[in-house]
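**Student:**
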Amino acid sequence: MPLLWLFILILALGLLGFILGRTRALKDAHGDIRLLHSLPNYYGSNVLLAVLIPGLAVLLLWLILQPMLIQGQVSSMIPNTAYTDKGSLNLVMSDVRRVAEGLDIAVEQGSLTREQARDIRTELTDIRARLGAVGVALGSNVESYVLKAAQKYRTMNAVGNWMMTVAVLGAALAGFAVSMLRTNKDMRARNSVEKVILGLLIGAASIAILTTLGIVLSLIFNTIEFFKLYPALDFFFGTTWSPSFGGGSELGILPLFWGTLYVSIIALLVAVPIGLFAAIYLSEYAGPKVRAIAKPLLEVLAGIPTIVYGLFALLTVGPMLMTVFGSDGGLGWMQGGRSVMTAGLVMGVMLIPFVSSLSDDIINAVPQAMRDGSLGLGATKSETVRQVVLPAALPGIVGAILLAASRAIGETMIVVLGAGAAAKLNLNPFEAMTTVTTRIVSQLTGDADFASAEALVAFALGMTLFVITLCLNIFALVIVRKYREQYD
Amino acid sequence: MSDFTADNGPAKGDAKSSLFHETTRTKRRNAAEARFKAYGIAAIATGLFFLVALLVAILGNGLPAFKQTFVTIPVELTEAKLDKNGNRNPEDLAKVSTFGYKPVVTDALVAALKAESIEIPFAKEKDVEDILSASVAAQVRDTVLANPELIGETVDFRLLASSRVDGYFKGRVTREALARDKNLDAEHLDIADAMVAAGLMKTTFNADFIFGADASESRPEQAGIGVSMVGSLFMMIVVLALALPIGVAASIYLEEFAPQNKWTDLIEVNISNLAAVPSIVFGILGLAVFIQIAHLPQSAPLVGGLVLTLMTLPTIIISTRASLKAVPPSIRDAALGVGASKMQSVFHHVLPLAMPGILTGTIIGLAQALGETAPLLLIGMVGFIASNMPDGIASGFIDPNSAMPAQIYEWAKRADPAYYERAWGGIIILLVFLMTMNIIAVLLRRRFERRW
Chain Z
1 MPLLWLFILI LALGLLGFIL GRTRALKDAH GDIRLLHSLP NYYGSNVLLA VLIPGLAVLL
61 LWLILQPMLI QGQVSSMIPN TAYTDKGSLN LVMSDVRRVA EGLDIAVEQG SLTREQARDI
121 RTELTDIRAR LGAVGVALGS NVESYVLKAA QKYRTMNAVG NWMMTVAVLG AALAGFAVSM
181 LRTNKDMRAR NSVEKVILGL LIGAASIAIL TTLGIVLSLI FNTIEFFKLY PALDFFFGTT
241 WSPSFGGGSE LGILPLFWGT LYVSIIALLV AVPIGLFAAI YLSEYAGPKV RAIAKPLLEV
301 LAGIPTIVYG LFALLTVGPM LMTVFGSDGG LGWMQGGRSV MTAGLVMGVM LIPFVSSLSD
361 DIINAVPQAM RDGSLGLGAT KSETVRQVVL PAALPGIVGA ILLAASRAIG ETMIVVLGAG
421 AAAKLNLNPF EAMTTVTTRI VSQLTGDADF ASAEALVAFA LGMTLFVITL CLNIFALVIV
481 RKYREQYD
Chain V
1001 MSDFTADNGP AKGDAKSSLF HETTRTKRRN AAEARFKAYG IAAIATGLFF LVALLVAILG
1061 NGLPAFKQTF VTIPVELTEA KLDKNGNRNP EDLAKVSTFG YKPVVTDALV AALKAESIEI
1121 PFAKEKDVED ILSASVAAQV RDTVLANPEL IGETVDFRLL ASSRVDGYFK GRVTREALAR
1181 DKNLDAEHLD IADAMVAAGL MKTTFNADFI FGADASESRP EQAGIGVSMV GSLFMMIVVL
1241 ALALPIGVAA SIYLEEFAPQ NKWTDLIEVN ISNLAAVPSI VFGILGLAVF IQIAHLPQSA
1301 PLVGGLVLTL MTLPTIIIST RASLKAVPPS IRDAALGVGA SKMQSVFHHV LPLAMPGILT
1361 GTIIGLAQAL GETAPLLLIG MVGFIASNMP DGIASGFIDP NSAMPAQIYE WAKRADPAYY
1421 ERAWGGIIIL LVFLMTMNII AVLLRRRFER RW
């Protein structure tokens, strides 16, 4: 593994630099630590960083750029007749890579010599059999242009790797030499080391922005691709969802959106009253002992992974609802265990602690003086809560409910397992319906081909989901923040 | 407010109205008070009821997965069938496929039944083999290939019973249900009952469920969660190695160094929003960036770990910032006062003091990541059978694998109800991990938390 060795080599060089830099600074001060500007270790660290940063930066850049360059060069060797669009070019290229890998393995195992691997011809040898013998199974016989491209790929890779080693070591050594030359007792080593560390800290903090950027860009580009294949109006206002990978799909978001909304409404109808009353009781009525037991227990519900709730919906709640509302023995409203009601109920349970702990915080933030005033006028505790505390806490509670709604809309596992797969615009809550998240999963699972509208629609769905939840979140945060400012 | 201005307000001049005589209005108000309180109690009781129902469902359905029915019979490994040349040449031995072993096992079962004088009520004695799992021939073959010297001897084997027989002993399968089942007849269950009586069949603890590999759709009795547990472990290593340093570094910057400007504001808004972005969106990000653009392998724990890292970062950053904030400024001032640089005061004094809080937050973040399923579905950690342990550390990160929650989802999707039992059992194991992590977090907080 030459890459690993290169990495270890740079590390070793860095450590050597640390020791030498430290000694050099000390020697310059004649061993008297008081004459140094910084502590000796900073001089060492300075050299260490001067070796690692250029070395690793060059390595990283090279690793990103080399495959891109080689890909471009090699794919230009493939005749236009061999592919129709970008997707099939990718398939050919993965064949090329596979053949090249196979040749590498064959050389490694000694069944081919280096020269043979370079000069081998499809006209003369059965490459597929030769590679099959060393354990690389190919799907079809190797075309001559694929083999040529693979051989070119191998040579370019070999040259590239060799050049990379030189460049990386060169950069590391240059950093080593420059920083060593600059090391003397008056050098402000600590300041330069701390500057680098501060840079790293800023870089780490910026990852949050990069993540958001990555989400937005990957969604936007693929959504634009999708809208090139499928008209945006039909997507946003279509009332039929029937994807078929054979073509002629209808991809209207409305039925999915309705399903999502319906499940979320039921979930909120369960979670908001229970969560809110639990919060009121815990913050206004319960003694410290009850609070110390009941609050963590309720919060356990929030720590349970959603897959557990999904299974609970599918295997426990669904069948239970079936016995009451099902067709045999029950009221006959329900056709199968998966329904909007099943998913909504279970999601509601999941959201209870979410609503209750957020509202609890908000109710507790209402100043005690307001309660005292109300009680002093002769109001009962419940009147105080209803007429003083809740109105004061209302914006915050609305914020909490909005956050819970955004949770419900984005929730995946419960609806994947509990809500069903049929896209319908229907009012019966015991009917199976499907949601945006469910469809994202089913359109993308195990599929690496992003060329078809049926796969790309998942990105458009994701984009819609992201925008909706983002708006809800921001709106909720603004409300909560504004409310907090009133009393603090 | 209207209560006080209404015409039936405080009774004017009503002599009976006093602390000792409740008027109807007071009664009404007190009743409303009691009702309100009851609603609160009912709400909490409902919440707790759901918690209990969930636990009962998990334990009741999942515990049977830890037990499995085994058949212990002597199998005669006849040389004529397994090694025709008689030279114990490994290549010749490997040529005998599992089909070659099947009759050997079936004969052994028939012989064992006859030895215990259990009647076989089938036209063809061979049909009794449905009692055994489809995997037994492969099990015997593997044993023989590993120990060729056993050929010619009679060896006691502990073989898996088929999932339906297993389900019968766990109460999942009934004789009536078997009437519509092609895989097994009620007569098989009679034999199974007789075998239990004769001590040939036993339901015991099944370590293979915890440590074993997943099996194909038709053999639920063989499926285990061990391999996906390893997959989860590798993912958690990635998350820990990336999310902890990055999260701590980001929090230190934001809490200790960041100037009040637009850039800092932007970062803060981003972090609080990322914490609320639906997890499936992170899956889309992972699919687009790590697989579509960076061409990392699908289904690899490395990719799963990267996606979960991005997802856990906000959690870790938020809790780390809270614990950095809890360190009093006097510590920083004292360090600065004796000549430390800002960086030294943070790294030498503030960070060590905040460490317990940071670790607690990290463990909770990890627990969250361990149970997350949705993003893993998109990067392809389902839909294939995690049947092999990774060969080494590198292959553990790169080779396709599953993860515990993804494996549970996979089982929940399969048609055979025997897999539902596995899924519940998997949940028990997952919850045990989560509980352990949370308890560690709580203990850590209790032990090291300092109040200033």
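Line by line, the protein sequences are chains Z and V.
Residue numbering for the first sequence is 1 to 488, as defined by our numbering.
Residue numbering for the second sequence is 1001 to 1452, as defined by our numbering.
Heads up, the beta-carbon is just placed ideally off N, CA and C, and yes, glycines get one too.
1. Report the rounded CA-to-CA distance for Z:F236 versus Z:G259, giving the unit in angstroms.
2. Using a Cβ-Cβ cut-off of 6 Å (strictly less than) and excluding sequence neighbours within five positions of V:W1452, which residues of its own chain qualify?
3. Check whether chain Z comes within 7 Å of V:Y1419, counting only Cβ atoms and requiring the distance to be less than that.
4. Indicate the three-state DSSP secondary structure (helix, strand or coil) for Z:K424 in the structure shown.
5. Specify the secondary structure class of V:E1256 as computed by DSSP and reduced to three states.
6. Starting from V:V1289, find everything on chain Z with Cβ-Cβ shorter than 8 Å and list it in chain order.
7. Nearest CA to the CA of V:K1095: which residue from V:K1124, V:V1144, V:A1032, V:L1063?
8. Cα-Cα, which of Z:K295, Z:A313, Z:P367 is closest to V:G1040?
9. So Z:R371 contacts chain V; which residues on that side make the cut at Cβ distance below 7 Å?
10. So the alpha helix (DSSP H) Z:K381 belongs to, where does it begin and stop?
11. By a C-beta neighbour count over all protein chains shown, 10 Å radius and 16 as the cutoff for buried, is Z:V515 buried or exposed?
12. Quick one: which unbroken alpha helix (DSSP H) runs of 4-plus residues sit fully inside the region 1203-1259 of chain V? Chain order, please.
13. For V:D1156, list the residues DSSP reports as bridge partners.
14. Would you call the CB atoms of Z:N46 and Z:S218 closer than 7 Å?
15. Compare the C-beta of Z:F277 against all C-beta atoms of chain V and say whether one is closer than 7 Å.
16. Would a check of beta-carbon distances place Z:V349 closer than 7 Å to chain V?
17. Kindly list, in the order they appear in chain Z, the residues whose Cβ is closer than 9 Å to that of V:M1343.
18. On the criterion of 16 or more Cβ atoms from any shown chain inside 10 Å, does V:D1156 qualify as buried, or is it exposed?
19. Which whole-angstrom value is the C-beta distance of Z:G310 and Z:M433, which I expect to be below 8 Å?
20. Just mark Z:I64 as buried or exposed, buried being the case when its beta carbon has 16 or more other beta carbons within 10 Å.
21. Under the rule that 16 or more other beta-carbon atoms within 10 Å means buried, what is Z:M163, buried or exposed?
22. Using the Cα positions of V:I1252 and V:R1332, report the straight-line distance between them to the nearest angstrom.
23. Could you give the first and the last residue of the continuous alpha helix (DSSP H) run that contains Z:W162?
24. Suppose you measure from the CA of V:S1097 to the CA of V:R1141; what does that come to, to the nearest Å?
25. If you run the structure through DSSP and keep just helix, strand and coil, what is Z:A240?
26. Could you check the C-alpha separation between V:D1007 and Z:Y281 for me, to the nearest Å?
27. Exposed or buried, which one is V:H1188 when buried takes at least 16 other CB atoms within 10 Å?
28. Which one or two residues does DSSP pair with V:I1201 in a beta bridge?
29. How should V:N1206 be labelled, buried or exposed, when 16 other C-beta atoms within 10 angstroms of its C-beta is the threshold for buried?
30. Bridge partners of V:H1021, per DSSP?
31. For Z:Y285 and chain V, any beta-carbon pair shorter than 7 Å?
32. Measuring alpha carbon to alpha carbon, tell me which residue in Z:F325, Z:A292, Z:V349 is nearest Z:P273.
33. Could you give the DSSP three-state label for V:E1116: helix, strand or coil?
34. Could you tell me the alpha carbon to alpha carbon distance between V:N1183 and V:T1106, rounded to whole angstroms?
35. Does any C-beta atom of chain V lie closer than 7 Å to the C-beta of Z:I8?
36. Cutting at 6 Å between CB atoms, please list the residues of its own chain near Z:Q66, excluding the five before and the five after it.
**Tutor:** Looking at the atomic coordinates:
1. Translated into the one-based positions of the first sequence, residue 236 of chain Z becomes position 236. Translated into the one-based positions of the first sequence, residue 259 of chain Z becomes position 259. The straight-line gap from Cα to Cα measures roughly 15 Å.
2. Taking the first residue of the second sequence as 1, we reach residue 1452 of chain V at position 452. Once the five neighbours on either side are set aside, the close Cβ partners of V:W1452 are P1328.
3. Indexing the second sequence from 1 puts residue 1419 of chain V at position 419. Closer than 7 Å: no.
4. Residue mapping note: residue 424 of chain Z aligns to position 424 of the first sequence, counting from 1. Looking at Z:K424 - three-state DSSP - the assignment turns out to be coil, as it is neither helix nor strand.
5. Residue 1256 of chain V sits at position 256 when you count from the first residue of the second sequence. In this structure, V:E1256 counts as helix in the three-state DSSP scheme.
6. To locate residue 1289 of chain V, count along the second sequence from 1; it is residue 289. The contacting residues are G214, S218.
7. Here residue 1095 of chain V refers to the residue found at position 95 when the second sequence is read from its first residue. When each option's Cα is compared against that of V:K1095, the closest is V:V1144.
8. Here residue 1040 of chain V corresponds to residue number 40 of the second sequence, with the count starting at 1. Taking only the C-alpha atoms, the option nearest V:G1040 is Z:K295.
9. The residue you call residue 371 of chain Z lines up with position 371 of the first sequence. Residues of chain V passing the Cβ test: none, with the nearest at roughly 15 Å.
10. Looking up residue 381 of chain Z in the first sequence gives position 381. Here the alpha helix (DSSP H) through Z:K381 covers 381-384.
11. Any answer about residue 515 of chain Z is impossible in this case: the structure gives chain Z only from 1 up to 488.
12. 1207-1211, 1226-1252
13. To locate residue 1156 of chain V, count along the second sequence from 1; it is residue 156. V:D1156 pairs with V:P1074.
14. Translated into positions along the first sequence, residue 46 of chain Z becomes position 46. Translated into positions along the first sequence, residue 218 of chain Z becomes position 218. Cβ distance not < 7 Å, so Z:N46 and Z:S218 don't count as in contact.
15. One-based indexing of the first sequence puts residue 277 of chain Z at position 277. Judged by the 7 Å Cβ criterion, Z:F277 is in contact with chain V.
16. The sequence position of residue 349 of chain Z within the first sequence is 349, counting from 1. Output row for Z:V349: interface = yes.
17. For this step, residue 1343 of chain V is matched to residue 343 along the second sequence. Result: R190, V193, E194, I197, L198.
18. Along the second sequence, read from residue 1 onward, the residue named residue 1156 of chain V stands at position 156. Exposed is the call here.
19. Along the first sequence, read from residue 1 onward, the residue named residue 310 of chain Z stands at position 310. Along the first sequence, read from residue 1 onward, the residue named residue 433 of chain Z stands at position 433. The pair is not a contact, with the Cβ atoms about 16 Å apart (cut-off 8 Å).
20. Here residue 64 of chain Z refers to the residue found at position 64 of the first sequence. With fewer than 16 Cβ atoms within 10 Å of its Cβ, Z:I64 is classed as exposed.
21. For the purposes of this step, residue 163 of chain Z is identified with residue 163 of the first sequence, where counting begins at 1. Exposed.
22. On the second sequence, position 252 is the one that residue 1252 of chain V refers to. On the second sequence, position 332 is the one that residue 1332 of chain V refers to. In a straight line, the C-alpha of V:I1252 is about 13 Å away from that of V:R1332.
23. In the first sequence, residue 162 of chain Z corresponds to position 162, counting from 1. Run containing Z:W162: 144-182, per the alpha helix (DSSP H) assignment.
24. By 1-based counting over the second sequence, the position of residue 1097 of chain V is 97. By 1-based counting over the second sequence, the position of residue 1141 of chain V is 141. The alpha-carbon atoms of V:S1097 and V:R1141 are separated by roughly 8 Å.
25. Here residue 240 of chain Z refers to the residue found at position 240 of the first sequence. Note on identity: in this sequence residue 240 of chain Z is Thr, with Ala being the wrong assignment. Correct three-state label for Z:T240: coil.
26. For the purposes of this step, residue 1007 of chain V is taken as residue 7 along the second sequence, with counting starting at 1. For the purposes of this step, residue 281 of chain Z is taken as residue 281 along the first sequence, with counting starting at 1. Low confidence applies here, because V:D1007 scores a pLDDT of 49, under 50, leaving its location unreliable; read the following figure in that light. The alpha-carbon atoms of V:D1007 and Z:Y281 are separated by roughly 32 Å.
27. As a working note, residue 1188 of chain V is residue 188 in the second sequence. By the 10 Å Cβ count, V:H1188 comes out buried.
28. Taking the first residue of the second sequence as 1, we reach residue 1201 of chain V at position 201. Residue identity differs from the one stated: residue 1201 of chain V is Met in this sequence, not Ile. V:V1071.
29. For the purposes of this step, residue 1206 of chain V is identified with residue 206 of the second sequence, where counting begins at 1. V:N1206 is buried by the Cβ-count criterion.
30. As a working mapping, residue 1021 of chain V is identified with position 21 in the second sequence. V:H1021 pairs with V:S1018.
31. Taking the first sequence and counting its residues from 1, one reaches residue 285 of chain Z at position 285. Yes, Z:Y285 lies at the interface with chain V (some Cβ there is under 7 Å from its Cβ).
32. Looking up residue 273 of chain Z in the first sequence gives position 273. The shortest Cα separation from Z:P273 among Z:F325, Z:A292, Z:V349 belongs to Z:V349.
33. Locating residue 1116 of chain V in the second sequence gives position 116, counting from the first residue. Reduced to three states, the DSSP call for V:E1116 is coil.
34. Your numbering for residue 1183 of chain V matches position 183 in the second sequence. Your numbering for residue 1106 of chain V matches position 106 in the second sequence. Approximately 16 Å between the Cα atoms of the pair.
35. Here residue 8 of chain Z refers to the residue found at position 8 when the first sequence is read from its first residue. Closer than 7 Å: no.
36. Within the first sequence, residue 66 of chain Z is the residue found at index 66, counting from 1. So the qualifying residues of the chain are G160.
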